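Q: Could you have a look at this structure, given as structure tokens, before my questions?
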């Protein structure tokens with residue numbers, strides 16, 4: 001199921017085009033599997049809307065939020081919702 005209750009959404013495709021990171025007004029970052037069309041995991045930790053997501057090297061994701069924080073996330077391939 002796609003995520004529809006969003007006022008805005010920020011998306012970034014990883015270099016291999018297998019995953020899409022989306023950030024939104026619900027304060028979370030969702031990692032979508034582009035082959036299965038489903039959420040692989042949800043990253044929670046921001047106190048306000050996510051305004052930017054960016055893939056980094058070696059499985060890192062960077063995110064910024066209206067809470068004035070920048071977070072660095074390390075994705076574990078075995079992690080799920």
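Residue numbers (UniProt numbering): 1 to 81.
Virtual Cβ for every residue (Gly too), placed ideally from N, Cα, C.
From a predicted model like this one, the values you see are computed outputs, not experimental measurements.
1. Taking just the CA atoms, how far does residue 36 sit from residue 70?
2. What are the start and end residues of the beta strand (DSSP E) that includes residue 74?
3. Apart from the five residues just before and just after residue 86, which ones in its own chain have a Cβ nearer than 8 Å to its Cβ?
4. Would you kindly work out how many angstroms separate the C-alpha atoms of residue 59 and residue 32, rounded to a whole number?
5. Give me the Cβ distance between residue 46 and residue 24, rounded to the nearest whole Å; I'm assuming they're in contact under 8 Å.
A: So, from the listed chains and residues:
1. 29 Å
2. 70–74
3. Absent from the structure is residue 86, since the part of the chain shown begins at 1 and ends at 81.
4. 14 Å
5. Not a contact, Cβ separation roughly 10 Å.
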